[in-house]
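Data block below; observations after.
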Amino acid sequence: MNVLNTYVDSLITTVAPYSGSIINNVVYFINSITYLVIAALVIIFLITSTFMVNGIVRSLRDDFKAMMNIFRSDMEIIMCIALIMLLISLYSHWGSQLLEFN
Numbered sequence: 197m198n199v200l201n202t203y204v205d206s207l208i209t210t211v212a213p214y215s216g217s218i219i220n221n222v223v224y225f226i227n228s229i230t231y232l233v234i235a236a237l238v239i240i241f242l243i244t245s246t247f248m249v250n251g252i253v254r255s256l257r258d259d260f261k262a263m264m265n266i267f268r269s270d271m272e273i274i275m276c277i278a279l280i281m282l283l284i285s286l287y288s289h290w291g292s293q294l295l296e297f298n
């Protein structure tokens, strides 16, 4: 048990100077994923809107019903998760800039 404690203590001492860069890389990675998810959702929305405007589906009314059904189904959960990720990303970005400003 004492050997394990010594190993953990030496590991913490070794890793501690790098923890800031590790945390920054994790936040950057999460932000990148967030922006990719938001970009994918925007592209899907634009493609869906193009289908609606061009009238590929029979009527615009049916298209709106289909869109509403998408937002009422399980996609609503994905949209809420994407919105929460976007807000976290913006908060972390603005928060870091405010800390640099002060």
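In our numbering, the protein residues as written are 197 to 298. Ideal Cβ placement from N, Cα and C applies to all residues, glycine included.
task = Taking only the alpha-carbon atoms, compute the straight-line gap between MET197 and ILE234 and give it to the nearest angstrom.
result = Only weak support exists for where MET197 lies, its pLDDT of 46 falling under 50; the value from the coordinates is given anyway. Going from the Cα of MET197 to the Cα of ILE234 covers about 48 Å.
task = Determine the closest residue to SER285 out of ASN227, SER217 and VAL222, with distance taken between C-alpha atoms.
result = ASN227
task = Sort VAL223, ASN221, SER217 and THR230 by Cα distance to CYS276 and report the nearest one.
result = THR230
query = Can you tell me the Cα-Cα spacing of PHE225 and ASN265, whole angstroms?
reply = 32 Å
MET281 versus ALA262: straight-line alpha-carbon distance, rounded = 26 Å
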